[in-house]
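Q: This is the structure, below, for whatever I ask next.
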């Protein structure tokens, strides 16, 4: 619960204020004073009469009147009583607890934190922390970090689950010229975590005044549904969100008895969650800041880019990177190109990249940008690379760049590589409120990822029709564990998932009787062992009675065998759809190449259930092997539409049977418009 007393307090008390600015209580007071908090500011410390020039009270009882916000930096054991007294006697509604010594330290600290949380919730208080570094916004700098950014309502909002990481991320942003609208560190997230701050941003969002970019650093996602709902809502309102989720790779740390379980992980769940929300996932601090910097520039409306540079090499490297990212770098030709050349020094090139030489001037840059912006219709954006070997002051160039960024209709991205030689000029550019890039290749890669970012998918898509009573009856009659063949076939039929005709038999005579109805060739699979292929439990192309009897005997000798499944032999491309239940997230659905290739190539994409048709089609389009849907090297095309529908039917089955923990449809045999499940495995658990 976020209250106005946290966001815009009229009065603040620092409990544990200090003259020593190397202590949290001293540094946070220094920062609040430095940023000229306009309200009433109080300090409390039993050992001081004056702290950093303001009166210091010795105890809570001495504090005068109502106080909106308390920032607490005292030993953890004193925190609950301090909170209770201030809430009761001073009407304090918001608390930022910087103090450590809570749940991060063990059971005793966990109990102390729980008591603090229980009191806050029971009395409708707003609590940030404990064990955090504070909150920073244009009203007050309630934060004990050493480096403070430029605060600007048009900058970025940032929330971090780690205080130290927040400092490092902000420093990376400050170095690029980034401004911040607000920063929250939530520490142990006893009451308010990253998702709760996201919720507040959504509910308080005003397109005229709110920051257009939100950045998140997360080490845990406790409330995926809350995250999804409010991230999507913000993005649909026009916001752009980028996030780091650290500590999300668990593949290999747990035993998995299915292909899906082996491929899926909490990392895959996070990928699916971010993609469904429309959030750009970043891997590190610089990555996050590069993404934010591109977000802060005008939105690119097309994929045709101009590169303007006075150094050929960086322009070529950027052109290569943009081309790999799916952009076009078309040449500038015709009368416009000829006219532009007359205004540049001899030897310049306007072919794109536009290279106006190391001697190029600020005026020439202005002419180039005006020309591309107003006279070249087949270009959508301009990347400018301009540094210096140290022979001239490039400040005039950067001032022109700033002016053109204000008036040009096409987005302009400044790439300024001379971080040492032109440091003063870069500082001047940043002082104009600009952020910039320093590496053209990193810029190009980030621009491609931002341009191709996912759009939010429907939270509650219209599911395909399934036979819900039949599904519930089958699940209700089954024991936990892997379902028998009869239950699996019943579930597939009830979900409308096409399957091959098959029969489980325990004698070779029954197998021959089944073949009399379907004909040769057939496939024979051992029933019992989980991984049939690993134990030699699958035989293809059985085409006569002698082969059938021989293989039947061998399959039944495999340890754990309780029967043999006989199916007609289908031919086509092997595909795969699977699902796994990820705690807290629900079901993650995966699809890709099937058969033995599934773990060999790991050409798999994922989505978070429930999945609608658009999301299922997007999953298919992200596969590296997506060319198979159009047909390749003489192979006939596969129906992507049918494949996507099967994904939605798996999603609908999971909604009807949430007890499903793991599910494999592998392989699915695809041939033209037909896609048929020829093997399936489903494990349920009532948790």
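Residue numbers (the numbering used here): 4 to 690. Think of the CB as a built atom: it goes at the ideal place given N, C-alpha and C, for glycine as much as any other residue.
#1: If we count the other Cβ atoms within 10 Å of its Cβ and call it buried at 16 or more, is residue 468 buried or exposed?
#2: I'd like the list of long-range same chain contacts for residue 627, defined as Cβ closer than 6 Å, with 5 residues on each side in sequence excluded.
#3: Does the separation of the CB atoms of residue 119 and residue 77 fall below 8 Å?
#4: Does the pairing of the stretch 475-485 with the stretch 441-460 give three or more beta-carbon distances under 8 Å?
#5: Within the chosen definition, does the stretch 557-568 reach the stretch 527-537 through at least 3 CB pairs nearer than 8 Å?
#6: Can you name the start and end residues of the beta strand (DSSP E) that residue 665 belongs to?
#7: In its own chain, which residues sit with a C-beta less than 6 Å from the C-beta of residue 347, not counting the 5 before and 5 after it?
#8: Look at the alpha carbon of residue 305 and the alpha carbon of residue 384, and state the distance between them as a whole number of angstroms.
#9: By the three-class DSSP mapping on this structure, what secondary structure does residue 262 have?
#10: Tell me, please, whether the stretch 189-201 touches the stretch 123-138 by the rule of three or more beta-carbon pairs shorter than 8 Å.
#11: Pull the bridge partners of residue 8 from the DSSP assignment, please.
#12: If residue 96 and residue 71 are in contact, beta carbons under 8 Å, what's the gap, nearest whole angstrom?
#13: Excluding sequence positions up to five away, which residues of its chain have a Cβ less than 7 Å from the Cβ of residue 376?
#14: Using the Cα positions of residue 50 and residue 44, report the straight-line distance between them to the nearest angstrom.
#15: Determine, using beta carbons only, whether residue 235 and residue 198 come nearer to each other than 8 Å.
#16: For residue 352, which residues from the same chain have a beta carbon less than 6 Å from its beta carbon, with the 5 sequence-adjacent residues on both sides left out?
#17: Helix, strand or coil for residue 13? Go by DSSP, reduced to three states.
#18: Looking at the secondary structure, which residues open and close the beta strand (DSSP E) in which residue 131 lies?
#19: Please confirm whether residue 173 has its beta-carbon closer than 8 Å to some beta-carbon of chain D.
#20: Quick check: the stretch 238-246 against the stretch 320-328, are at least 3 beta-carbon pairs closer than 8 Å?
#21: What residue range does the beta strand (DSSP E) around residue 418 cover?
#22: Taking the continuous alpha helix (DSSP H) assigned at residue 516, which residues delimit it?
#23: Compute the Euclidean distance between the alpha carbons of residue 69 and residue 90, then round it to the nearest angstrom.
#24: For the candidate residues 612, 648, 685, whose alpha-carbon lies nearest to that of residue 276?
#25: For the candidate residues 423, 432, 441, 425, whose alpha-carbon lies nearest to that of residue 402?
#26: Quick test of the definition: if touching needs 3 or more C-beta pairs under 8 Å, does the stretch 636-651 touch the stretch 301-317?
#27: How long is the line joining the alpha carbons of residue 47 and residue 28, rounded to whole angstroms?
#28: Suppose you measure from the CA of residue 398 to the CA of residue 181; what does that come to, to the nearest Å?
#29: Between which two residues does the beta strand (DSSP E) carrying residue 155 extend?
#30: Can you list the alpha helix (DSSP H) stretches of 4 or more residues lying completely in the stretch 261-348, in chain order?
#31: Out of 23, 576, 489, 175, which has the shortest C-alpha to C-alpha gap to residue 630?
#32: In the DSSP assignment, find the beta strand (DSSP E) that holds residue 188 and state where it starts and stops.
#33: Does residue 161 pass the burial test, meaning 16 or more other C-beta atoms within 10 Å, or should it be called exposed?
#34: Can you give the Cα-Cα distance for residue 264 and residue 340, rounded to whole angstroms?
#35: Tell me which residue opens and which closes the alpha helix (DSSP H) that residue 143 is part of.
#36: Compute the beta-carbon to beta-carbon distance between residue 280 and residue 231, rounded to the nearest angstrom, for a pair I have assumed lies under 8 Å.
A: On the basis of the data shown:
#1: By one-based count along the chain shown, residue 468 stands at place 465. Answer is exposed; the Cβ neighbour count stays below 16.
#2: Within the chain shown, residue 627 is the residue found at index 624, counting from 1. Answer for residue 627: 606, listed in chain order.
#3: In the chain shown, residue 119 corresponds to position 116, counting from 1. In the chain shown, residue 77 corresponds to position 74, counting from 1. Not a contact, by the Cβ cut-off of 8 Å.
#4: no
#5: yes
#6: Within the chain shown, residue 665 is the residue found at index 662, counting from 1. Segment 663-674, the beta strand (DSSP E) holding residue 665.
#7: To locate residue 347, count along the chain shown from 1; it is residue 344. Taken in chain order, the residues that qualify are 359, 367.
#8: The residue given as residue 305 occupies position 302 in the chain shown. The residue given as residue 384 occupies position 381 in the chain shown. One C-alpha to the other measures close to 8 Å.
#9: Position 259 of the chain shown holds residue 262. With a pLDDT of only 46 at residue 262, under 50, the local geometry of the prediction cannot be trusted, and no value is derived from it.
#10: yes
#11: Position 5 of the chain shown, counted from the start, is the residue given in the question as residue 8. Paired residues: none, contrary to the question.
#12: Within the chain shown, residue 96 is the residue found at index 93, counting from 1. Within the chain shown, residue 71 is the residue found at index 68, counting from 1. Going by Cβ atoms, the distance from residue 96 to residue 71 rounds to 7 Å, so yes, they are a contact pair.
#13: Position 373 of the chain shown holds residue 376. Same-chain partners within the cutoff: 411, 412, 413.
#14: Indexing the chain shown from 1 puts residue 50 at position 47. Indexing the chain shown from 1 puts residue 44 at position 41. The alpha-carbon atoms of residue 50 and residue 44 are separated by roughly 18 Å.
#15: Taking the chain shown and counting its residues from 1, the one referred to as residue 235 is at position 232. Taking the chain shown and counting its residues from 1, the one referred to as residue 198 is at position 195. Taking 8 Å as the Cβ cut-off, residue 235 and residue 198 do not qualify as a contacting pair.
#16: One-based indexing of the chain shown puts residue 352 at position 349. Cβ within range, chain order: 358.
#17: One-based indexing of the chain shown puts residue 13 at position 10. DSSP places residue 13 in coil when its eight states are reduced to three.
#18: One-based indexing of the chain shown puts residue 131 at position 128. Element bounds for residue 131: 129-131.
#19: Checking the listed chains, one finds no chain D in this structure; it contains a single protein chain.
#20: no
#21: The residue given as residue 418 occupies position 415 in the chain shown. It spans 415-418 - the beta strand (DSSP E) in which residue 418 sits, taken as one unbroken run.
#22: Counting from one through the chain shown, the residue named residue 516 turns up at place 513. Segment 511-521, the alpha helix (DSSP H) holding residue 516.
#23: Mapped onto the chain shown, residue 69 falls at position 66. Mapped onto the chain shown, residue 90 falls at position 87. When rounded, the distance between both Cα atoms is 9 Å.
#24: Taking the chain shown and counting its residues from 1, the one referred to as residue 276 is at position 273. Checking every option, the nearest Cα to that of residue 276 belongs to 612.
#25: Within the chain shown, numbered from 1, the residue matching residue 402 stands at position 399. Residue 402 has its Cα closest to that of 432, out of 423, 432, 441, 425.
#26: no
#27: By 1-based counting over the chain shown, the position of residue 47 is 44. By 1-based counting over the chain shown, the position of residue 28 is 25. Each residue's alpha carbon lies about 10 Å from the other.
#28: For the purposes of this step, residue 398 is taken as the residue at position 395 of the chain shown. For the purposes of this step, residue 181 is taken as the residue at position 178 of the chain shown. Each residue's Cα considered, the two are about 19 Å apart.
#29: On the chain shown, residue 155 is found 152 positions in, with the first residue counted as 1. Note, residue 155: beta strand (DSSP E), 153-163.
#30: 262-266, 269-280, 288-299, 315-327, 337-344
#31: Your numbering for residue 630 matches position 627 in the chain shown. Of 23, 576, 489, 175, the residue nearest in Cα terms is 576.
#32: Residue 188 sits at position 185 when you count from the first residue of the chain shown. 182-188 is the extent of the beta strand (DSSP E) around residue 188.
#33: Numbered from its first residue, the chain shown carries residue 161 at position 158. Buried, since its Cβ has 16 or more Cβ neighbours within 10 Å.
#34: Here residue 264 refers to the residue found at position 261 when the chain shown is read from its first residue. Here residue 340 refers to the residue found at position 337 when the chain shown is read from its first residue. Residue confidence is low: residue 264 scores 46 on pLDDT, short of 50, so the model does not pin down where it sits. No coordinate-derived value is stated.
#35: Counting from 1 along the chain shown, the entry for residue 143 is found at position 140. Run containing residue 143: none; DSSP gives neither H nor E here.
#36: Reading the chain shown from its first residue, position 277 is the one you call residue 280. Reading the chain shown from its first residue, position 228 is the one you call residue 231. About 5 Å separates the two Cβ atoms, so the contact holds.
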